[in-house]
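There are 2 protein chains.
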Amino acid sequence: MPANRRFTLAARPVGMPKPSDFRIEEQPIREPGDGEIHVKNRYVSLDPAMRGWMTDMKSYVPPVVIGDVMRAFALGEVVASRDPAFAAGDLAAGLFGVQEHATVPAKHATKLLPLAPLPKLMSVLGPPGLTAYFGLLDIGKPQPGETVVVSAAAGAVGSVVVQIAKIKECRVVGIAGGPDKCAYIRELGCDAAIDYKAGDVAAQLREHCPKGVDIYFDNVGGEILDAVLARLALRARIVICGAISQYNATAPVKGPSNLISLLVNRATMTGMVVLDYAPRFPQGVMELAGWFAAGKLTSKEHIVRGLDAFPTALPMLFTGENFGKLLLEL
Amino acid sequence: MPANRRFTLAARPVGMPKPSDFRIEEQPIREPGDGEIHVKNRYVSLDPAMRGWMTDMKSYVPPVVIGDVMRAFALGEVVASRDPAFAAGDLAAGLFGVQEHATVPAKHATKLLPLAPLPKLMSVLGPPGLTAYFGLLDIGKPQPGETVVVSAAAGAVGSVVVQIAKIKECRVVGIAGGPDKCAYIRELGCDAAIDYKAGDVAAQLREHCPKGVDIYFDNVGGEILDAVLARLALRARIVICGAISQYNATAPVKGPSNLISLLVNRATMTGMVVLDYAPRFPQGVMELAGWFAAGKLTSKEHIVRGLDAFPTALPMLFTGENFGKLLLEL
Numbered sequence: 004m005p006a007n008r009r010f011t012l013a014a015r016p017v018g019m020p021k022p023s024d025f026r027i028e029e030q031p032i033r034e035p036g037d038g039e040i041h042v043k044n045r046y047v048s049l050d051p052a053m054r055g056w057m058t059d060m061k062s063y064v065p066p067v068v069i070g071d072v073m074r075a076f077a078l079g080e081v082v083a084s085r086d087p088a089f090a091a092g093d094l095a096a097g098l099f100g101v102q103e104h105a106t107v108p109a110k111h112a113t114k115l116l117p118l119a120p121l122p123k124l125m126s127v128l129g130p131p132g133l134t135a136y137f138g139l140l141d142i143g144k145p146q147p148g149e150t151v152v153v154s155a156a157a158g159a160v161g162s163v164v165v166q167i168a169k170i171k172e173c174r175v176v177g178i179a180g181g182p183d184k185c186a187y188i189r190e191l192g193c194d195a196a197i198d199y200k201a202g203d204v205a206a207q208l209r210e211h212c213p214k215g216v217d218i219y220f221d222n223v224g225g226e227i228l229d230a231v232l233a234r235l236a237l238r239a240r241i242v243i244c245g246a247i248s249q250y251n252a253t254a255p256v257k258g259p260s261n262l263i264s265l266l267v268n269r270a271t272m273t274g275m276v277v278l279d280y281a282p283r284f285p286q287g288v289m290e291l292a293g294w295f296a297a298g299k300l301t302s303k304e305h306i307v308r309g310l311d312a313f314p315t316a317l318p319m320l321f322t323g324e325n326f327g328k329l330l331l332e333l
Numbered sequence: 004m005p006a007n008r009r010f011t012l013a014a015r016p017v018g019m020p021k022p023s024d025f026r027i028e029e030q031p032i033r034e035p036g037d038g039e040i041h042v043k044n045r046y047v048s049l050d051p052a053m054r055g056w057m058t059d060m061k062s063y064v065p066p067v068v069i070g071d072v073m074r075a076f077a078l079g080e081v082v083a084s085r086d087p088a089f090a091a092g093d094l095a096a097g098l099f100g101v102q103e104h105a106t107v108p109a110k111h112a113t114k115l116l117p118l119a120p121l122p123k124l125m126s127v128l129g130p131p132g133l134t135a136y137f138g139l140l141d142i143g144k145p146q147p148g149e150t151v152v153v154s155a156a157a158g159a160v161g162s163v164v165v166q167i168a169k170i171k172e173c174r175v176v177g178i179a180g181g182p183d184k185c186a187y188i189r190e191l192g193c194d195a196a197i198d199y200k201a202g203d204v205a206a207q208l209r210e211h212c213p214k215g216v217d218i219y220f221d222n223v224g225g226e227i228l229d230a231v232l233a234r235l236a237l238r239a240r241i242v243i244c245g246a247i248s249q250y251n252a253t254a255p256v257k258g259p260s261n262l263i264s265l266l267v268n269r270a271t272m273t274g275m276v277v278l279d280y281a282p283r284f285p286q287g288v289m290e291l292a293g294w295f296a297a298g299k300l301t302s303k304e305h306i307v308r309g310l311d312a313f314p315t316a317l318p319m320l321f322t323g324e325n326f327g328k329l330l331l332e333l
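Residue numbers (this note's numbering), protein chains in the order written: chain W, 4 to 333; chain C, 4 to 333.
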């Protein structure tokens with residue numbers, strides 16, 4: 004049997020993760036025991052949330068233990084199964100880690116149908132799509148004609164939020180970094196695109212949201228959140244999905260000065276973690292797949308080849324170098 | 004007819020309001036026209052919200068115009084009525100302003116029944132009580148056994164929140180300034196009292212909220228909000244009722260560093276303005292009055308005598324010198 008190559012967490016990163024925070028290792032592949040499956044990973048998802056999992060603080064899941072395989076969502080093919088729910092050749096997804104092979108309890112894996120090319124199952128029809136779907140629809144509750152602002156709008160989650168908000172007949176203002184990403188989000192349907200790297204976000208929000216912001220889907224936190232707070236409409240809803248501007252902070256971050264806008268506008272700010280919606284994933288995937296098949300949803304994937312690229316690919320999420328859902332193809 | 008004495012807004016305060024920001028004036032009392040009433044004020048309510056009304060910025064009501072009577076909630080007796088809804092001798096409450104007499108449209112006034120001594124109608128059975136009632140019950144949604152933290156817990160709103168939370172069988176941790184206020188909130192039923200002027204609020208929150216904070220009723224904002232954010236329980240609800248620590252700020256305030264705790268804990272932060280609940284005030288007053296009559300609710304009023312005391316009494320709200328609902332008795 005071939006060996007499994009994997010990246011373990013060697014040290015807790017301070018600031019931006021660097022190659023020495025990880026270690027590549029070889030180990031024998033473990034045969035599945037009763038109730039387990041052996042999966043050969045095809046795609047490993049690189050997500051901003053992984054930065055949080057490396058930090059030893061209270062969060063929604065325990066941190067990765069030093070020396071353990073780095074936690075990551077992945078998609079692969081079942082090689083061997085000792086559980087009736089899976090057969091060899093099935094597609095399986097789960098937190099299989101940054102490695103070539105995973106032997107895991109079958110109950111920790113989800114069987115996927117090949118509804119679309121595999122990278123789409125990791126992006127618009129996978130966790131980022133579901134995050135957009137439940138965050139926007141369940142927490143944001145968009146109504147036709149409302150103004151929706153989306154940060155990291157060219158990203159894996161944001162790009163789906165933009166498109167669902169258009170399906171729901173909202174006015175959509177996307178925020179992204181650079182002219183290419185701004186052109187892309189306009190193609191996705193944004194009524195206006197704000198380049199946060201070029202000029203004053205607050206002034207552009209004033210221009211593009213003359214009636215205020217009804218829903219803000221926040222992936223970035225920090226100064227952009229503060230600027231949007233200053234433009235809230237009455238009874239606005241803010242979905243806190245991420246705060247990528249702050250994940251590598253090495254000192255306490257600056258909170259938003261304009262928080263009192265929540266009171267003035269009777270607005271709500273709610274944090275979300277997509278895992279909470281697991282019982283409703285089938286419903287979400289079905290509706291997303293319907294829109295996808297109908298040509299109403301599209302997505303872009305940024306695919307980096309080879310397990311070895313992991314330590315250099317991961318920081319792209321934080322610099323904005325990736326353009327689309329960042330995936331490692333094994 | 005005697006003259007009306009009133010305080011107008013002479014200048015927009017910078018920082019703490021000072022006497023020169025107001026001007027005392029005499030003017031003839033205006034006879035009520037059709038649909039109007041003439042009210043002789045008995046009590047004028049001094050509220051932290053008044054600080055916001057003095058500032059020229061977008062808020063939930065327009066700012067007071069320079070030269071106009073200072074806006075304030077007040078309670079008085081109807082002297083003359085040209086509206087069938089009121090008769091001379093009725094008790095009326097409304098935004099009658101910091102003045103001895105008000106002539107206002109009857110539709111802007113609420114007829115009160117003398118259910119309790121007049122100061123109680125301005126405190127536990129008035130706007131502060133209603134703010135506590137709707138904020139805690141509608142937004143906080145307390146469940147038996149949950150941990151509720153209340154800031155400014157000895158204040159007009161906070162003290163009612165503490166007592167309703169106990170009625171709802173919650174564990175209640177109050178935050179107040181100084182040993183007397185802490186003793187008072189323990190009498191009101193707080194399971195623990197934190198003196199924010201003595202020692203580390205964060206450490207005391209850890210000690211007194213071992214299972215985290217399910218509901219935070221926030222009257223103060225600033226550093227205390229930040230400390231509570233760090234202690235949220237899963238699916239916590241934060242009611243943003245006020246941010247008194249920041250109302251006199253002359254520079255952009257520091258936001259909470261720990262905002263990301265909303266995401267980690269899938270928590271919600273919601274701003275409230277009691278005026279939104281006006282259609283349900285009768286329901287609220289009825290339930291509050293029932294608890295009051297049954298001895299389950301008490302309140303303290305800090306009564307300052309005479310209209311002339313207004314400019315020196317108002318700053319007490321921000322220094323914490325008042326102990327109980329601050330009222331001017333005319």
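Glycine residues also receive a C-beta, built at the ideal position from the N, C-alpha and C atoms.
Please read all numbers here as calculations on a predicted model, not as lab measurements.
Which residues bound the alpha helix (DSSP H) around residue i?
i, result
"Asp183/W", "Pro182 to Glu190"
"Lys123/C", "Leu121 to Leu124"
"Ile167/C", "Gly161 to Ile170"
"Thr134/C", "Pro130 to Phe137"
"Met289/C", "Phe284 to Ala296"
"Glu337/W", "One cannot answer for residue 337/W here, as it falls past the ends of chain W, which runs 4 to 333."
For residue i, which residues of its own chain have a beta-carbon under 7 Å away from its beta-carbon, when the five flanking residues on both sides are left out?
i, result
"Met19/C", "Asn251, Pro318 and Phe321"
"Glu304/C", "Pro122, Ser126, Gly327, Lys328 and Leu330"
"Pro285/W", "none"
"Asp229/C", "Pro259, Ser260 and Asn261"
"Pro131/C", "Ala159, Val160, Val163 and Lys328"
Taking the continuous beta strand (DSSP E) assigned at residue i, which residues delimit it?
i, result
"Ser48/C", "Glu39 to Ser48"
"Lys328/C", "Lys328 to Glu332"
"Gly274/W", "Thr271 to Gly274"
"Leu12/C", "Ala6 to Leu12"
"Leu237/W", "Leu235 to Ile243"
Determine the contact status of residue i and residue j, defining contact as a CB-CB distance below 8 Å.
i, j, result
"Pro108/C", "Glu39/C", "yes"
"Ser48/C", "Gly258/W", "no"
"Glu149/W", "Ile218/W", "yes"
"Leu266/C", "Val276/W", "yes"
"Gln166/W", "Gly192/W", "yes"
"Thr139/W", "Phe220/W", "Checking the sequence, you will find Leu at residue 139/W rather than Thr. Yes. Within cutoff."
"Val67/W", "Thr253/W", "no"
"Met73/W", "Gly100/W", "yes"
"Ile27/W", "Phe10/W", "yes"
"Glu332/C", "Tyr46/C", "yes"
"Arg15/C", "Met57/C", "yes"
"His211/C", "Thr106/C", "no"
"Gly224/C", "Lys200/C", "no"
Can you find the residues in the same chain that come closer than 6 Å, C-beta to C-beta, to residue i, ignoring five residues on each side of it along the sequence?
i, result
"Ile69/W", "Leu12"
"Gly245/W", "Pro51 and Asn222"
"Thr271/W", "Arg240"
"Lys43/C", "Gly79, Glu80, Val82 and His104"
"Leu115/C", "Leu94, Ala96 and Leu124"
"Gly274/W", "Ile243"
Using C-beta distances below 8 Å, list every residue in its chain close to residue i, excluding the 5 sequence neighbours before and after it, in chain order.
i, result
"Tyr280/W", "Leu133, Phe137, Asp141 and Gly287"
"Thr113/W", "Ala95, Ala96, Gly97 and Phe284"
"Val204/W", "Ile178, Ile197, Glu226, Ile227 and Ala230"
Taking 8 Å as the CB-CB cut-off, is residue i touching chain B?
i, result
"Pro255/C", "The structure shown contains no chain B; its protein chains are W and C."
For this session: Would you list, in chain order, the members of the segment 239-252 of chain W that have their beta-carbon closer than 8 Å to a beta-carbon of chain C?
Result: Listed by position along the chain: Ile243, Cys244, Gly245, Ala246 and Gln249.
Exercise. Which of the residues in the segment 114-139 of chain C, read from start to end, lie with their CB under 9 Å from any CB of chain W?
Worked result: Residues passing the 9 Å Cβ filter: none.
Problem set entry | Short-range partners of chain C found in the segment 260-278 of chain W, where Cβ spacing is below 7 Å | Identification of residues in the segment 260-278 of chain W having a C-beta nearer than 7 Å to some C-beta of chain C yields Ser260, Leu262, Ile263, Leu265, Leu266, Val267, Asn268, Arg269, Ala270, Thr271, Met272, Thr273, Gly274, Met275 and Val276, given in sequence order.
Problem set entry | Chain-ordered residues of the segment 58-72 of chain C with a beta carbon less than 8 Å from chain W | Listed in sequence order: Lys61, Ser62 and Tyr63.
Exercise. Unbroken beta strand (DSSP E) runs of length 3 or more, entirely within the segment 72-121 of chain C: which are they?
Worked result: Runs of the beta strand (DSSP E) lying entirely within the segment 72-121 of chain C, each at least 3 residues long, are 77-84, 94-97, 104-108 and 113-115 in chain order.
Problem set entry | Residues of the segment 152-185 of chain W with Cβ closer than 8 Å to any Cβ of chain C, in chain order | Those would be none; no residue qualifies.
For this session: May I ask you to list, following chain order, the residues of the segment 190-220 of chain C that have a beta carbon less than 9 Å from some beta carbon of chain W?
Result: Per Cβ criterion, the list is empty.
For this session: Using a Cβ-Cβ cut-off of less than 7 Å, list which residues of the segment 86-114 of chain C approach chain W; keep chain order.
Result: Cβ contacts with chain W: none found.
Exercise. Can you list, in chain order, the residues of the segment 283-308 of chain C whose Cβ is nearer than 7 Å to any Cβ on chain W?
Worked result: Interface annotation for the segment 283-308 of chain C against chain W: empty, criterion Cβ-Cβ distance under 7 Å.
For this session: Residues of the segment 32-55 of chain W with a CB closer than 7 Å to any CB of chain C: list them in chain order, please.
Result: The residues in question: there are none.
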